[in-house]
Structure formats: structure tokens, C-alpha cells
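Number of protein chains: 6
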Amino acid sequence: MPRLTEYKDMAPRAKAVVDGIAQARGIDPAAINNVWKALARDPAVMEQFAAEMKAAFAPGTLDPLTKELIYLAVSITNQCEYCIASHGAMARARGMTGEMHAEFMAVVLAAQKGNKIAMGYRVPVDAAFEEK
Amino acid sequence: MPRLTEYKDMAPRAKAVVDGIAQARGIDPAAINNVWKALARDPAVMEQFAAEMKAAFAPGTLDPLTKELIYLAVSITNQCEYCIASHGAMARARGMTGEMHAEFMAVVLAAQKGNKIAMGYRVPVDAAFEEK
Amino acid sequence: MPRLTEYKDMAPRAKAVVDGIAQARGIDPAAINNVWKALARDPAVMEQFAAEMKAAFAPGTLDPLTKELIYLAVSITNQCEYCIASHGAMARARGMTGEMHAEFMAVVLAAQKGNKIAMGYRVPVDAAFEEK
Amino acid sequence: MPRLTEYKDMAPRAKAVVDGIAQARGIDPAAINNVWKALARDPAVMEQFAAEMKAAFAPGTLDPLTKELIYLAVSITNQCEYCIASHGAMARARGMTGEMHAEFMAVVLAAQKGNKIAMGYRVPVDAAFEEK
Amino acid sequence: MPRLTEYKDMAPRAKAVVDGIAQARGIDPAAINNVWKALARDPAVMEQFAAEMKAAFAPGTLDPLTKELIYLAVSITNQCEYCIASHGAMARARGMTGEMHAEFMAVVLAAQKGNKIAMGYRVPVDAAFEEK
Amino acid sequence: MPRLTEYKDMAPRAKAVVDGIAQARGIDPAAINNVWKALARDPAVMEQFAAEMKAAFAPGTLDPLTKELIYLAVSITNQCEYCIASHGAMARARGMTGEMHAEFMAVVLAAQKGNKIAMGYRVPVDAAFEEK
Numbered sequence: 068m069p070r071l072t073e074y075k076d077m078a079p080r081a082k083a084v085v086d087g088i089a090q091a092r093g094i095d096p097a098a099i100n101n102v103w104k105a106l107a108r109d110p111a112v113m114e115q116f117a118a119e120m121k122a123a124f125a126p127g128t129l130d131p132l133t134k135e136l137i138y139l140a141v142s143i144t145n146q147c148e149y150c151i152a153s154h155g156a157m158a159r160a161r162g163m164t165g166e167m168h169a170e171f172m173a174v175v176l177a178a179q180k181g182n183k184i185a186m187g188y189r190v191p192v193d194a195a196f197e198e199k
Numbered sequence: 068m069p070r071l072t073e074y075k076d077m078a079p080r081a082k083a084v085v086d087g088i089a090q091a092r093g094i095d096p097a098a099i100n101n102v103w104k105a106l107a108r109d110p111a112v113m114e115q116f117a118a119e120m121k122a123a124f125a126p127g128t129l130d131p132l133t134k135e136l137i138y139l140a141v142s143i144t145n146q147c148e149y150c151i152a153s154h155g156a157m158a159r160a161r162g163m164t165g166e167m168h169a170e171f172m173a174v175v176l177a178a179q180k181g182n183k184i185a186m187g188y189r190v191p192v193d194a195a196f197e198e199k
Numbered sequence: 068m069p070r071l072t073e074y075k076d077m078a079p080r081a082k083a084v085v086d087g088i089a090q091a092r093g094i095d096p097a098a099i100n101n102v103w104k105a106l107a108r109d110p111a112v113m114e115q116f117a118a119e120m121k122a123a124f125a126p127g128t129l130d131p132l133t134k135e136l137i138y139l140a141v142s143i144t145n146q147c148e149y150c151i152a153s154h155g156a157m158a159r160a161r162g163m164t165g166e167m168h169a170e171f172m173a174v175v176l177a178a179q180k181g182n183k184i185a186m187g188y189r190v191p192v193d194a195a196f197e198e199k
Numbered sequence: 068m069p070r071l072t073e074y075k076d077m078a079p080r081a082k083a084v085v086d087g088i089a090q091a092r093g094i095d096p097a098a099i100n101n102v103w104k105a106l107a108r109d110p111a112v113m114e115q116f117a118a119e120m121k122a123a124f125a126p127g128t129l130d131p132l133t134k135e136l137i138y139l140a141v142s143i144t145n146q147c148e149y150c151i152a153s154h155g156a157m158a159r160a161r162g163m164t165g166e167m168h169a170e171f172m173a174v175v176l177a178a179q180k181g182n183k184i185a186m187g188y189r190v191p192v193d194a195a196f197e198e199k
Numbered sequence: 068m069p070r071l072t073e074y075k076d077m078a079p080r081a082k083a084v085v086d087g088i089a090q091a092r093g094i095d096p097a098a099i100n101n102v103w104k105a106l107a108r109d110p111a112v113m114e115q116f117a118a119e120m121k122a123a124f125a126p127g128t129l130d131p132l133t134k135e136l137i138y139l140a141v142s143i144t145n146q147c148e149y150c151i152a153s154h155g156a157m158a159r160a161r162g163m164t165g166e167m168h169a170e171f172m173a174v175v176l177a178a179q180k181g182n183k184i185a186m187g188y189r190v191p192v193d194a195a196f197e198e199k
Numbered sequence: 068m069p070r071l072t073e074y075k076d077m078a079p080r081a082k083a084v085v086d087g088i089a090q091a092r093g094i095d096p097a098a099i100n101n102v103w104k105a106l107a108r109d110p111a112v113m114e115q116f117a118a119e120m121k122a123a124f125a126p127g128t129l130d131p132l133t134k135e136l137i138y139l140a141v142s143i144t145n146q147c148e149y150c151i152a153s154h155g156a157m158a159r160a161r162g163m164t165g166e167m168h169a170e171f172m173a174v175v176l177a178a179q180k181g182n183k184i185a186m187g188y189r190v191p192v193d194a195a196f197e198e199k
């Protein structure tokens, strides 16, 4: 089996997931992203991930761009090139300017450093940080 | 040398860093967080990190809470307990409600899954994600 | 020195490692996988890894497919594309069906989430989990 | 809010999740594991994780012990102490003997080494590993 | 915006960073490495990283090759191909022989194993390791 | 079985490993570090790790302190507290001064940043870094 399954070759269960995503985004199902073409071989995993993504990005108290930046921060930390490329594109589509990107990267990089400092120096958690 | 150096026992160079942070936060230098008490043994690293944090959290186009959420997302991904505790407290102080935390965690967890799916299925980057 | 050394160009010590692997697998030494062509420059590392792999996959109480799935789970978690490709092929050769792959990925992804939940919420270990 | 919420203090939506797990395991809801006491503050995340775990461990083509070993392999790789403790206990409850644990660790450690070798020597994927 | 910005197309602030690096290395600014061409879009991040690298590699008590090996060890552990390639080349330029590389890899791989053993067996820190 | 097995309670095969280490270090076997008390339950894993550590730290072209710093760099990157504590103590015993530690941390932290920059900006490897 090739790594990617085109929409026209997907099983009905996989097609149904793609149809739902394509409709929500207003795109042609044949133009669906590679991640869904790859997941098409495991429809149960595909359905679960589609549902989880839909719930995570459903309208709520955090705005869509903030959610994309959170997703992107995780992806850079995990060093996932596909996700950096895809959610970088999503963040730009949702209004991330060049200036925002620079500020975002500054926070991401400071956090990486803070994380390794806390571990490298074996810093114990301050009692003041605990919730009452 | 013990792991943490109290403010009163710090070298002048380390004290100066703590003074700057304490003044900016309006707190007593003796109440500084453990991470600075741990860094006090390496003043050059301490100065560099203090400057980087100050620059990363300087007023800009992203609001302070968004920056805290980005920092927290990196810290959870890197599994740094100290940073999760400290920046979790900071995020709450800057207005993160329980509802926001639930949404934030949903995005962080969906991103973890997306990252591992992209790697586990070896998904190639779509041409459409590239910047022109 | 190029990154990969073909069998015919390897030093005797590296050739001996490849000969052992090729014999065990019933293949032509010239058809050895890239990982061994890359390790050929550091024969001591190569010998050590070959011995460790042989011991880890020696017949025992866990069956060969279970061992491949464990290896693959680590490789996806570490995001190592080479190892995902090579041990994915090995798992299929040892009987992993499409259905098993879907179940395997479901467990791997649930574990990723469980790991990040435990860290993100800073969950203390239950006393009941400790061995007596 | 304290980090852990006892069953008696949980909101109805969180209690319902715990009731389902307690019933499936035949335990008293008050004896539920800490991870669920921690998740109780974010019921939507809690419900999603409970459903995902239930689906991942539903009867299928892989036996329950194999699934526990896969979960444990991910948890050791991610260095999540809570998950190592909890799923180590689960694996023992599902029949993991001392001998199996030793074999399991040998594969996990060989995989860690294989992963870092593949990255450290920048080994390209062999064409033979690709699916047809 | 393309991912890489050539020197001739950089903004003055980015050009100044490249000029400083090119001068220190005695190279043509147009031949600067890709990492700087990528960072050119975020001059503040670029300046900060250039300053940090300069300070980290300034003459001190650790010799330049030792510093390159430390950098390379982090990069292999983090599985960053770009950094493995670039600092591998730097280490060779600063005198890393094939024999040193083999010894280096042996320590890196032993450390990976030691790290996962310590976590997998949940080993508590010995009191003897603490500083007085 | 408790997590740690004291020397007097170890099986002969585990005792033999500890005897070898204790002799090489000139210490009482009963004073062996916790990592060996934890590994005692899996003698095959224990023997393999002891042999690998001995080989990695055997006299060679890299001096003992450099090897400790490489080991420590990996351990901080992997965030293994046990290994940071134990090899931090070893590095101090082998001559790491406070000044060296500060320089070491500066390189480790710069590398973390460089790694995440390379991934976050998706920097392609320069042709000049490749070996001929």
C-alpha cells in the first residue's frame, strides 16, 4: 500500500471523514491535506483525530489565532516539520503577521531555555506556585 | 555549594539581576523565585536569561496572557515540572480562567497527537503549505 | 568520507559485522541496510550495536512481532523516520496486519496523550502502583 | 483549587466519567487513580481521554498485555514517571513476568540507541523499506 | 516570503548581523549559512541568537573543540539534522578525528541508555551526589 | 519486589557486576549507586549497561572530563534528573570548576536554541556541511 491514499481511492469510512472536513473548510475533498491521505488506511484513528481536532478548535474563550499559536508552539518543541509547515500556514491565514511571528519565536525560544535551566540546575518548585 | 543561593548570600552580579526583576515585579528581592536562586552560581547565564525573558515578554503585538500560554505549551511538551508550575501560576495571574485552561489543554493534547501522527505515518509536507 | 560506506569498501572489522548480519538474515552482504553502511566508519560502535540488537531480539518469552511493535513504539515517540520505516517494514514482515497497525497506533497515541496529561496536570504517583 | 479533586467533591460530569471507569474495573469510585482526580477540573478533556483509552484497550487483534507493553514503551521514551508507575503496575497485573520485563527493557533500550544512531549518522531511508 | 533570504535581499538590521559573523569567520557575507538566511525575517531573534552564540563560544576555560562536542551531543539528543550537519562540520574543522568521533558517539549512546534506565526503573537520586 | 535491591540481597549474577564496578572505583560494594540497585532485577540489562559504560569511559583520545561533559549534556537535554545529579557529581570529581560549569551551560543552552531555530524555521542543510 502506498503511503498516501487519494480521496477517490479511499474506503467509504475514510471518505466520510474527508467529506466532513472539506465541507467545513469549503474545499474540494480531492484537495485534502496529506495527513488525511496518510490516515486513510486506519479509519478509526482518522475519525478519532478528526473529532479531537474539531473539538479543540471549536469556538470558545480562546480565539482561533491563539489556538494556532499554541499548536505551533507544541509542534516546534516536538520538532515535527509537517505540523510546523501546516499550522504555520494556518496561523498566517488566521492573521499572524511577521511581527507576531518574531514575538512568538522569542517566547518559544525563551521557554526552551527556561525548561532546560530548570532541569539542568534541578530547581525545586516554589511553594508560592501551588494553587490553594 | 548548596543548590540554591539565598539573595543575601549572592555575589553582587547576581544580586543586581535579582534587584532588576524584583523592582519590575514590585516584590522583595528576598522573595525571588527558586530559578534565580539556582542560577546565582553562574551569573553570566543568569544575566543572559533575565535579558532574554525581559525581551520576550516586553509589550508587543501579542498580549501577555497569549505569551504565557505559548510558554506553558512549550513547558508541557518538554515536560518541565518547574516551568509548568511557575508559568501556570503566571497564566492564572494574567487572567487564565478554568474554561481557558480546559481549551488550552485540548489544543496542546491535539497537537501532541497531530505531531506523532505526522511522524508515525511519515506524512510529506503539502506544497500548499509553503510560503510564496 | 562519504556518509555511507558500501560493503566492498568497508574495513575488515566492519565487514565482519555485516557478514554476521547477512548470514543470520540469509541476504547478500552487499544488500545490507544503510544504518550499517553509516556505522562502518566507527567499527566499535557498530559491533556494540549489532551485539545489542542480536541479544534484544534473541528468542525469549516475548514473541518477535511484539518486540518489533515495542521497537516501533519507541521510534515513533522519538520521531526517528529511519527507524519507523525500517521497523515498520520488519513488523509487516513478521505478520503485522493493517488491523493490528490501527490498534497499535491507537495505543501509541493514547499513551502520548496520557504522558502529557500526567505532566501537564502534575499528577502524583498513586501509592497503589508501587511494588511491595 | 487543589491539584486533586476527590470523587465526593467532583462535578456531576466528572463523577460520571469516574463511575464508568470504576464499574468497568469493579472498584469503588472513591479509589480512582490520581490522574482522574487531576483531570476532574477539565471535564471535557477528561471525557475525551476516557473514551480514547477505552477504545485503545478494547478487545481486538492485539492482546491486552501487548498493548500495555506498547503503552509502557512510549511512557519510558517520554520519561513520564506517573505513566511508567501506573502502566508498569497494569502490565504486571496482566501477566508481565520478571523475565518479560528484562526482555522488554532490552528492546526499549536497543531502540533508543538505534534511534539516536540513525539521527547521529544521518542515515537515509533504504528504498527497500517503502511499501509498494 | 520564501524561507531563505539571500544576503543581498536582507534588511539592514539582518545584514549587520551577517556582516559581524562573516568578518569574524573571514568569509564573504553572501556565503553565510542557511540558518542566518532563515532568521533574517526576524531580526530581533537573529541578533539575540548571534550574541548568544558569540558569548558561548568566546575563549574561556573549555577549549573550542570541547564546546563543539557539547553542542553536537545536544543536537544528536534533540535529533536536529541541520545542527548535526553544521556542528559536525565545525567539530571536524576544529580537529575532531575519526577516532574521537567514535569515542564521542560511544559516550552519547551510553548516556542515552543511562537516561532511559534511570527513568524506566524510576531510580531515586543518591544522597552522595548532592553538593554540600 | 521493592524498587531497589541492596547488595547483600542481590543474585550472584548482579553481585558480580557490582563487584567489578566497586573494585574499579575502590569502594565498598554495599555503597554502590542506586542505578545498580535498581538494575539488579534484570541482570542481563545490568551486565550490558556496565560493559557499555566501561567501554565508553575507557582511556582514549578524549579525556575523562570531556566525556563527563558530553554525558551531562545529553542528560540535561533528555531532562534526566538522576543522570544530571550523578554525572554532575562525577564531572566535579574530575575537575569541573564553577567557571567551566558556567561555560558548559552557556553552550548547552545555545545548542538548545540553535536546535529549535533550525526546526522552527525549517532550515535546509547547507551543501558545504557535507563530507566529501
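Protein chains in written order, with the working numbering: chain A, 68 to 199; chain B, 68 to 199; chain C, 68 to 199; chain D, 68 to 199; chain E, 68 to 199; chain F, 68 to 199. Virtual Cβ for every residue (Gly too), placed ideally from N, Cα, C.
Excluding the 5 residues flanking alanine 105 (chain B) on each side, which residues of the same chain have their C-beta closer than 7 Å to its C-beta?
If we look at alanine 105 (chain B) and ignore the five residues flanking it on each side, its Cβ neighbours are Arg70 and Leu71.
At least one CB of chain E closer than 8 Å to the CB of glutamate 148 (chain D): is that the case?
Closer than 8 Å: yes.
Since I believe alanine 177 (chain B) is in contact with alanine 123 (chain A) (beta carbons under 8 Å), could you give me their beta-carbon distance rounded to a whole number of angstroms?
The Cβ separation is near 4 Å, so the contact holds.
List the residues of chain D whose Cβ lies closer than 8 Å to the Cβ of lysine 183 (chain E), in chain order.
Result: Ile143, Thr144, Gln146, Val175, Leu176 and Gln179.
I want to see whether chain E comes within less than 8 Å of alanine 152 (chain D), judged by CB atoms only; does it?
It does: the Cβ of alanine 152 (chain D) has a partner Cβ on chain E nearer than 8 Å.
For valine 175 (chain D) and alanine 140 (chain D), which I take to be in contact (beta-carbon distance under 8 Å), what is that distance rounded to the nearest angstrom?
Contact flag correct, Cβ pair sits at about 5 Å.
Do we get a CB-CB distance below 8 Å when we pair methionine 167 (chain B) with the residues of chain A?
Yes, contact with chain A.
What residue does the alpha helix (DSSP H) around asparagine 100 (chain D) start on, and which one ends it?
It is not in any alpha helix (DSSP H) - asparagine 100 (chain D) carries neither H nor E in the DSSP assignment.
Could you check what DSSP says for glutamate 73 (chain F) in three-state terms: helix, strand or coil?
Glutamate 73 (chain F) falls in the coil class under three-state DSSP.
Residues of the region 106 to 117 of chain F with a CB closer than 7 Å to any CB of chain D: list them in chain order, please.
The region 106 to 117 of chain F vs chain D, Cβ under 7 Å: Arg108, Asp109, Ala111 and Val112.
Glutamate 119 (chain F) versus chain E: which residues are under 7 Å apart at the beta carbon?
The answer, in chain order, is Ala177 and Lys180.
Taking the CB atoms as reference points, tell me whether glutamate 119 (chain D) and arginine 161 (chain D) lie closer together than 8 Å.
Against a cut-off of 8 Å, the Cβ pair of arginine 161 (chain D) and glutamate 119 (chain D) comes out as no contact.
For the putative contact between valine 192 (chain B) and alanine 152 (chain A), defined by C-beta atoms under 8 Å, what is the C-beta separation to the nearest angstrom?
Yes, valine 192 (chain B) and alanine 152 (chain A) are in contact; Cβ-Cβ is about 5 Å, under 8 Å.
Can you pull the chain F residues whose beta carbon is under 7 Å from the beta carbon of methionine 163 (chain D), in chain order?
Near methionine 163 (chain D) there are no residues of chain F at all, since even the closest Cβ is about 12 Å away, more than 7 Å.
Please identify the residue among B:Ile143, B:Met163 and B:Val102 whose C-alpha is closest to the C-alpha of proline 131 (chain B).
Checked all of B:Ile143, B:Met163 and B:Val102; the closest Cα to proline 131 (chain B) is B:Met163.
At the level of alpha carbons, what is the spacing between alanine 97 (chain F) and lysine 82 (chain F)?
Spanning the two alpha carbons is a distance of roughly 10 Å.
Cα separation between lysine 183 (chain D) and proline 126 (chain F)?
Cα to Cα, lysine 183 (chain D) sits roughly 24 Å from proline 126 (chain F).
For the candidate residues E:Asn145, E:Ala91, E:Pro110 and E:Arg80, whose alpha-carbon lies nearest to that of glycine 187 (chain D)?
The shortest Cα separation from glycine 187 (chain D) among E:Asn145, E:Ala91, E:Pro110 and E:Arg80 belongs to E:Asn145.
Since isoleucine 143 (chain B) and phenylalanine 171 (chain A) should fall inside the 8 Å C-beta cutoff, what is the C-beta to C-beta distance between them, to a whole number of angstroms?
Not really, about 17 Å apart at Cβ, beyond 8 Å.
Buried or exposed for lysine 121 (chain C), going by 16 or more other Cβ atoms inside 10 Å?
Result: exposed.
For methionine 167 (chain B), which option in A:Met113, A:Ala185, A:Thr133 and A:Met157 has the closest C-alpha, if you only look at C-alpha atoms?
Measuring from the Cα of methionine 167 (chain B), the nearest candidate turns out to be A:Thr133.
What are the residues in the region 82 to 109 of chain F lying within 7 Å of chain E by C-beta distance?
Correct list: Asn100, Asn101, Val102, Ala105 and Leu106.
Measure the CB-CB distance between lysine 180 (chain C) and phenylalanine 116 (chain D) and report whether it falls below 8 Å.
Cβ distance < 8 Å, so lysine 180 (chain C) and phenylalanine 116 (chain D) count as in contact.
Is valine 192 (chain F) helix, strand or coil when you go by DSSP?
It is coil, neither helix nor strand.
Between alanine 111 (chain A) and glycine 93 (chain C), what straight-line distance do the alpha-carbon atoms span, to the nearest angstrom?
Distance between the alpha carbons of alanine 111 (chain A) and glycine 93 (chain C): 38 Å.
Which residues mark the beginning and the end of the alpha helix (DSSP H) in which glycine 187 (chain A) is found?
Unbroken alpha helix (DSSP H) run through glycine 187 (chain A): 165 to 187.
Which residues in chain F sit within 7 Å of methionine 172 (chain D), going by Cβ to Cβ distance?
Chain F residues near methionine 172 (chain D): Asp109 and Val112.
Please list the terminal residues of the continuous alpha helix (DSSP H) segment that includes proline 79 (chain A).
Element bounds for proline 79 (chain A): 79 to 92.
Any Cβ of chain A within less than 8 Å of the Cβ of alanine 122 (chain B)?
With 8 Å as the cut-off, alanine 122 (chain B) counts as an interface residue toward chain A.
At which residues does the alpha helix (DSSP H) containing alanine 125 (chain A) begin and terminate?
Run containing alanine 125 (chain A): none; DSSP gives neither H nor E here.
Could you tell me the distance, in whole angstroms, from the CA atom of isoleucine 99 (chain A) to the CA atom of glycine 165 (chain C)?
So the alpha carbons of these two residues sit roughly 23 Å apart.
Measure the alpha-carbon distance for isoleucine 86 (chain F) versus threonine 128 (chain E) and round it to whole angstroms.
Residue 86 (chain F) is actually aspartate in this sequence, not isoleucine. Taking the straight line joining both Cα atoms gives about 37 Å.
From the DSSP output, in three-state form, read off glycine 162 (chain D) for me.
Three-state result, glycine 162 (chain D): coil.
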